[in-house]
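Numbering (my numbering) for the sequence shown: 15 to 560.
Glycine is no exception: its CB is placed at the ideal position from the N, C-alpha and C atoms.
Following: one structure in structure tokens, then a few remarks.
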Amino acid sequence: MKGVEILSRDGTARYGRLIVDDTVLNFPSATDTTRLFPALNTRTGINIPPIEDPEFVSRFLVRDGEQPIPLHIHAPADIQSGDTVITPNWHTLLSRPRDFCQFMDQLKASTPPDTCWYLPGAALPENAAILVHAGFDLFDYIATDLATIQGKFCLPDGQYPEKVMEEGLCSCQGCMSGDLLLHNRIALDQELARIGRRIRDGTFREFLDGRCRTRPELVSIMRHIEKSDRMEQNSPVSRSTPFLATSGDSIHRMEVRRFADRLVERYIPPVADVAVLIPCSAKKPYSLSQSHRKFSQAIARRAHELIMTSPLGLVPRDLELCYPAAAYDVPVTGYWDHEERYQITQTLVRYFTRHPYRRVIAHLDGDARIIAQDAADQAGFEIEFTCESDRLTDYTSLQTLSEALAGERKVKSHLVRGMISFQFGYDLKAPNLEVKGSYPEQVVKRGRNLYFSTDPAHGMMRPTFDGWSLIETGYRVYIDDFVPQGDILAPGVIDADPVIRPGDEVLVIGDKAMTTGRAAMSADEMIRSSRGVAVRVRKVKKLDGQ
15 MKGVEILSRD GTARYGRLIV DDTVLNFPSA TDTTRLFPAL NTRTGINIPP IEDPEFVSRF
75 LVRDGEQPIP LHIHAPADIQ SGDTVITPNW HTLLSRPRDF CQFMDQLKAS TPPDTCWYLP
135 GAALPENAAI LVHAGFDLFD YIATDLATIQ GKFCLPDGQY PEKVMEEGLC SCQGCMSGDL
195 LLHNRIALDQ ELARIGRRIR DGTFREFLDG RCRTRPELVS IMRHIEKSDR MEQNSPVSRS
255 TPFLATSGDS IHRMEVRRFA DRLVERYIPP VADVAVLIPC SAKKPYSLSQ SHRKFSQAIA
315 RRAHELIMTS PLGLVPRDLE LCYPAAAYDV PVTGYWDHEE RYQITQTLVR YFTRHPYRRV
375 IAHLDGDARI IAQDAADQAG FEIEFTCESD RLTDYTSLQT LSEALAGERK VKSHLVRGMI
435 SFQFGYDLKA PNLEVKGSYP EQVVKRGRNL YFSTDPAHGM MRPTFDGWSL IETGYRVYID
495 DFVPQGDILA PGVIDADPVI RPGDEVLVIG DKAMTTGRAA MSADEMIRSS RGVAVRVRKV
555 KKLDGQ
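Here it is as structure tokens:
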């Protein structure tokens with residue numbers, strides 16, 4: 015018996031369960047793979063480096079029909095859901111980050127998502143995080159045992175001479191007994207256990223940010239993966255954990271790029287011809303901060319409020335609940351580096367080019383003021399500044415802001431249309447919808463009918479069945495003719511909208527029932543997987559006659 019079940023995901027990193035005969039193994043983990051897969055003891059002709067030419071591979075690669083199945087970019091294989099695959103000599107690509115990531119993407123696209131990936135001879139405590147991030151699940155102790163033979167003491171931050179074991183850097187059983195082999199194996203096991211915990215907590219990407227700094231090639235691999243389509247497909251649209259932008263690489267994370275792209279390509283701003291740029295605040299959502307209460311009071315709804323911030327660039331007031339706008343944290347230094355300035359400037363240029371205003375007022379100071387002026391120069395619009403000091407919230411500055419807006423008409427509430435356009439890419443034009451409740455936990459009603467509710471934990475708008483009736487297209491999952499008794503599993507999915515990503519709100523449609531819920535997988539994974547939860551169901555509605 016064999017099987018693979020993915021239980022948690024954090025981008026391209028996965029936590030799951032591998033079943034081989036009577037053995038159940040949680041991954042990511044290291045194990046004696048020759049016991050798990052006896053065929054490894056007698057195999058020949060599989061240890062071919064990934065960079066070998068196709069003719070060599072076709073002549074010498076041997077497949078015996080046993081698990082794990084050898085994979086090579088020049089030798090397609092018929093892989094089924096639940097199989098375990100092996101990628102020999104992949105460690106030779108660690109010094110070639112671009113090839114490492116391109117070959118990995120190529121192979122991942124050709125195999126079912128619920129396949130277990132075994133990487134032999136490569137895992138060490140210092141590189142385990144990036145290997146899991148790349149998409150590998152199962153490892154062995156070959157690399158740590160080789161380090162032992164070479165007299166190396168392995169830790170997550172690198173390798174040390176064996177004598178360092180006496181300095182108290184670790185107090186594991188191996189160190190207590192002076193057994194270097196045991197210590198190195200335990201160090202790898204502990205690192206993989208930490209990684210698994212981080213994946214389940216939704217904080218693996220922050221963990222990786224620190225772990226990969228030990229070697230330049232590991233940072234390069236992280237950056238290449240971050241830009242891949244595979245990362246975009248598997249990155250959740252929202253999390254219940256904070257987004258910690260604690261390094262320069264944070265500005266390139268998928269969450270930042272997705273927010274900026276949806277802001278420019280999907281978001282429909284309110285009908286307003288005046289915009290005011292204001293700074294961000296430490297407190298999230300911004301509206302709960304004392305400074306933003308003062309800004310909003312001075313603006314008095316006479317302009318569209320746009321918050322300038324790093325790393326997101328620009329956050330309209332009506333999107334401040336959308337992840338990660340309400341969940342990010344950054345180190346505050348008062349200084350924005352060149353890359354931050356460039357990316358934020360480009361976001362402003364893209365936004366104001368697509369959505370021109372008659373007037374743009376900037377209530378900013380410091381670097382934010384310089385960035386706003388650069389964006390105005392590049393996008394070709396005039397910008398007005400309302401503060402000449404660094405005291406944006408003092409009486410004089412706020413009075414100047416208020417006077418600059420004298421005579422401007424009020425902007426109508428835009429929460430529903432703005433969030434729906436950003437979240438679903440749909441222009442909702444439903445009249446007479448009312449937003450009720452205490453911010454940020456609000457509901458959208460028409461009369462007694464509930465259409466949407468805000469979810470502060472994930473920064474999403476949750477449609478009811480009535481709400482979905484207003485969103486006529488997109489974000490649908492189609493299932494077989496059954497009435498769900500719980501969550502929707504992948505085998506029951508017939509089709510899904512390709513834009514669906516983990517964490518998206520979706521409407522599930524079948525012949526016998528409809529359900530609302532949140533996607534636990536991307537659309538591609540729902541369709542190609544044979545195990546696992548595809549949609550976390552919130553409500554079920556039986557159709558007429560059922």
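- Restricted to the segment 296 to 350, the beta strand (DSSP E) segments that are unbroken, complete and at least 3 residues in length are 318 to 323 and 327 to 330, listed in chain order.
- Rounded to the nearest whole angstrom, the C-alpha separation of Ala339 and Pro330 is 10 Å.
- Restricting attention to Glu279, Ile282, Val251 and Tyr281, the CA atom closest to the CA of Arg267 is found in Val251.
- Nearest Cα to Leu447 within the set Ser427, Phe438, Tyr453 and Gln437: Ser427.
- The residues Pro64, Leu133 and Ala136, in chain order, have a CB closer than 7 Å to that of Trp104 in the same chain once the five nearest residues on each side in sequence are set aside.
- Look at the segment 422 to 484 and you find these whole runs of alpha helix (DSSP H), each 4 residues long or longer: 429 to 438 and 479 to 484.
- DSSP places Glu353 inside the alpha helix (DSSP H), whose first and last residues are His352 to Arg368.
- Under the DSSP assignment, Ile523 falls outside any alpha helix (DSSP H), being part of the beta strand (DSSP E) whose first and last residues are Glu519 to Ile523.
- When secondary structure is reduced to three states using DSSP, Asp113 falls in the helix class.
- Secondary structure note for Glu19: its beta strand (DSSP E) is the uninterrupted segment Lys16 to Asp24.
- According to the DSSP assignment, Pro68 belongs to the alpha helix (DSSP H) that extends over Pro68 to Phe74.
- Gly517 counts as buried, since no fewer than 16 other beta carbons sit within 10 angstroms of its beta carbon.
- When rounded, the separation of the alpha-carbon atoms in Ser416 and Ile375 is 11 Å.
- Contact holds between the segment 431 to 449 and the segment 472 to 482, because three or more Cβ pairs, one in each stretch, are under 8 Å apart.
- Sequence-distant partners of Gly59 (beyond 5 residues in either direction) whose C-beta falls short of 7 Å from its own C-beta, in its chain, are Phe74, Leu75 and Val76.
- Beta-carbon to beta-carbon, Arg542 and Pro127 are separated by about 5 Å, close enough to satisfy the 8 Å threshold.
- In summary, Ser483 is exposed, with fewer than 16 beta-carbon neighbours lying within 10 Å of its beta-carbon over all protein chains present.
- Assignment of Phe496 by DSSP, reduced to helix, strand and coil, places it in the coil class.
- Here the C-alpha atom of His377 lies approximately 47 Å from the C-alpha atom of Glu205.
- At the C-beta level, Ile321 and Arg28 stay beyond 8 Å of one another.
- DSSP places Pro175 in no alpha helix (DSSP H) but in the uninterrupted beta strand (DSSP E) bounded by Gly172 to Pro175.
- Non-local C-beta neighbours of Val547 in its own chain, meaning closer than 8 Å and more than five positions away in sequence, comprise Asp501, Ile502, Leu503, Ala504, Ala534 and Met535, ordered along the chain.
- Here Met528 is bridged, per DSSP, to Ile523 and Lys555.
- The beta carbon of Ala382 sits closer than 7 Å to the beta carbons of Pro293 and Met322 from its chain, once the five residues preceding and following it are set aside; these are given in chain order.
- Under the three-pair Cβ rule at 8 Å, the segment 176 to 189 does not count as touching the segment 234 to 242.
- Residue state for Ala27 is assigned as strand, using DSSP reduced to three classes.
- As DSSP reads the structure, Ser544 sits in no beta bridge.
- Comparing alpha-carbon positions, the option among Tyr492, Ile282 and Arg552 lying closest to Ala537 turns out to be Tyr492.
- Per DSSP, the continuous beta strand (DSSP E) segment holding Thr98 begins and ends at Thr98 to Ile100.
- Here DSSP, grouped into helix, strand and coil, assigns Arg280 to coil.
- Looking from the CA of Ile156, the closest CA among Ala444, Phe117 and Leu196 belongs to Leu196.
- Its Cα nearest to that of Ser264, the residue Glu354 stands out among Asp275, Asp441 and Glu354.
- Inclusion of Leu169 and Ala142 in the CB contact set at 8 Å is not warranted, their separation being larger than that value.
- For the segment 224 to 270, the continuous alpha helix (DSSP H) assignments of 4+ residues that do not extend past its boundaries occur at 230 to 240 and 243 to 248, in sequence order.
- For Leu196, the enclosing alpha helix (DSSP H) has its first and last residue at Leu194 to Asp215.
- Arg490 sits in a strand when the DSSP states are folded into three classes.
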